[in-house]
Every structure is written in C-alpha cells, then in structure tokens.
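Chemist: Residue numbers (the numbering used here): 132 to 317. The beta-carbon is built from N, C-alpha and C at its ideal position, and this holds for glycine as well. What you are looking at is a predicted structure, and each value in this text was computed from that prediction instead of being measured.
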Amino acid sequence: MGTQSEDFRDPLLLERVNTRRREHPPGAHGLGFLLPRSRSRLQQELMTLMMSGDKGISAFPESDNLFKWVGTIHGAAGTVYEDLRYKLSLEFPSGYPYNAPTVKFLTPCYHPNVDTQGNICLDILKDKWSALYDVRTILLSIQSLLGEPNIDSPLNTHAAELWKNPTAFKKYLQETYSKQVSSQEP
C-alpha cells in the first residue's frame with residue numbers, strides 16, 4: 132500500500148469500496164473495514180487544518196469522537212456576513228472519505244442555501260462529493276457560499292428573494308442574527 136493520500140486515489144481500492152457498497156447497502160455493516168482508514172484520514176485532516184493558517188475557519192473533534200466535529204466559520208470580509216460567526220456540526224460516516232460527511236449549521240443561519248434546520252444546499256456535500264475533498268475544503272466552500280449563494284437552488288426562498296435587495300437583506304440578517312445569538316446566551 133502507498134501513503135494515505137495515495138490510498139484514496141487508488142483505482143483498485145476505489146473499485147473494492149464500490150463493490151463493497153453494492154454488496155452491503157447503508158445500514159448493513161458493509162464499510163466497517165474502512166473504519167481504521169477513515170480514522171487515520173481524519174487525524175491527518177485535523178493536523179492539516181490546524182497547520183493551514185486559514186483565517187475564519189476552524190474545526191475540532193467533539194470530545195474523543197473523531198467522527199463528530201464542531202466547526203466555526205467567520206463571515207468573510209466584504210460580505211454581508213462579515214463579523215458574524217457560525218458554529219457547524221460535521222459528522223463523518225465510517226466510509227469517509229468515500230462518503231460525504233453530514234454538515235449542518237448549529238448557529239441559526241439566514242441564507243438562501245440554508246434551511247431553518249441548518250441543512251446546507253451545497254453540491255460538494257451531495258452529488259458532487261469526491262474523496263479528494265477534506266474538512267478544510269468543506270469549510271472554505273461553506274464560507275464562500277455565505278457571500279455567494281446560489282439563489283437558483285434555494286432552501287430558504289424568503290432569503291433568496293430578499294438577497295436581491297442587498298440593503299434589506301443585510302438589515303434583516305443583522306436583526307435575526309442578533310436575536311438568535313442573544314437568545315442562545317446563558
């Protein structure tokens with residue numbers, strides 16, 4: 132076997148994983164053999180993220196569970212989300228990185244591509260997922276999505292309509308964010 136980064140690009144390994152997926156659908160114990168590899172990959176990604184120096188994004192495992200992380204995204208400068216901070220949950224399946232993690236906003240986020248439950252409409256978390264993506268890519272993509280929503284595919288139609296009026300959107304966003312954050316404080 133090669134290095135960890137070579138493993139997830141290996142076509143033979145990918146074919147074995149795909150065969151295993153077909154033979155053992157979700158809910159079965161089909162991808163248990165990937166657990167050590169997933170764990171190693173997540174440890175590697177944690178180190179990469181900590182060393183990256185990217186501004187405005189961070190994520191760490193929740194307690195001792197390497198498959199459940201809490202991330203933080205700061206709104207990028209020059210966007211209506213500037214100076215706003217959001218917490219996210221990241222849950223990694225045993226088949227990670229071949230299966231996408233489940234990522235949700237924990238902090239309520241008023242955005243065209245985020246519903247009221249925190250679910251995110253972002254192609255790389257769904258049908259465009261690739262084993263080449265990592266936690267850093269996910270967080271940077273979500274941070275970018277905040278400033279550049281896809282209003283043609285909204286989860287929140289009210290936010291998508293209001294987005295067309297930047298001044299009104301920013302005012303509404305600031306008001307709702309302030310209310311939500313103050314209601315969450317102890």
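(1) Return the bridge partner residues of Trp260 from the DSSP annotation.
(2) Tell me the DSSP bridge mates of Glu193?
(3) Buried or exposed, going by whether 16 or more other CB atoms sit within 10 Å of the CB of Ala290?
(4) Note the first and the last residue of the continuous beta strand (DSSP E) segment covering Ser220.
(5) Which residues mark the beginning and the end of the alpha helix (DSSP H) in which Lys302 is found?
(6) When DSSP labels each residue in this structure, what does Ser213 get in the three-state scheme?
(7) Determine the extent of the alpha helix (DSSP H) in which Thr179 is found, giving its start and end residues.
(8) What's the C-alpha gap between Tyr229 and Ile255?
(9) Quick check: what's the CA-CA separation for Lys302 versus Glu222?
(10) Which residues in the same chain as Leu180 place their Cβ atom closer than 7 Å to its Cβ, once the five residues preceding and following it in sequence are excluded?
(11) Using the C-alpha atoms, what's the distance from Val211 back to Pro297?
Modeler: With the structure as the only source:
(1) Stepping through the sequence shown from its first residue, residue 260 is reached at position 129. Partner(s): none; Trp260 has no beta bridge.
(2) Along the sequence shown, read from residue 1 onward, the residue named residue 193 stands at position 62. Per DSSP, Asn196.
(3) In the sequence shown, the residue the question calls residue 290 occupies position 159. When all chains shown are included, Ala290 counts as buried.
(4) Your numbering for residue 220 matches position 89 in the sequence shown. It spans Arg216 to Glu222 - the beta strand (DSSP E) in which Ser220 sits, taken as one unbroken run.
(5) The sequence position of residue 302 within the sequence shown is 171, counting from 1. Per DSSP, Lys302 belongs to the alpha helix (DSSP H) from Pro297 to Gln315.
(6) Residue 213 sits at position 82 when you count from the first residue of the sequence shown. Checking the displayed sequence, the identity of residue 213 turns out to be Glu instead of Ser. If DSSP states are grouped into helix, strand and coil, Glu213 belongs with the strands.
(7) Numbered from 1 along the sequence shown, position 48 holds the residue referred to as residue 179. Leu166 to Ser183 is the span of the alpha helix (DSSP H), which, as asked, contains Thr179.
(8) As a first step, residue 229 is located in the sequence shown; it is residue number 98 there, counting from the start. As a first step, residue 255 is located in the sequence shown; it is residue number 124 there, counting from the start. One C-alpha to the other measures close to 12 Å.
(9) The count along the sequence shown starts at 1 and reaches residue 302 at position 171. The count along the sequence shown starts at 1 and reaches residue 222 at position 91. C-alpha separation (whole angstroms): 32 Å.
(10) Along the sequence shown, one-based indexing puts residue 180 at 49. So the list reads Ala190, Val266 and Arg267, once near-sequence residues are dropped.
(11) Stepping through the sequence shown from its first residue, residue 297 is reached at position 166. Stepping through the sequence shown from its first residue, residue 211 is reached at position 80. Their backbone Cα atoms lie some 8 Å apart in a straight line.
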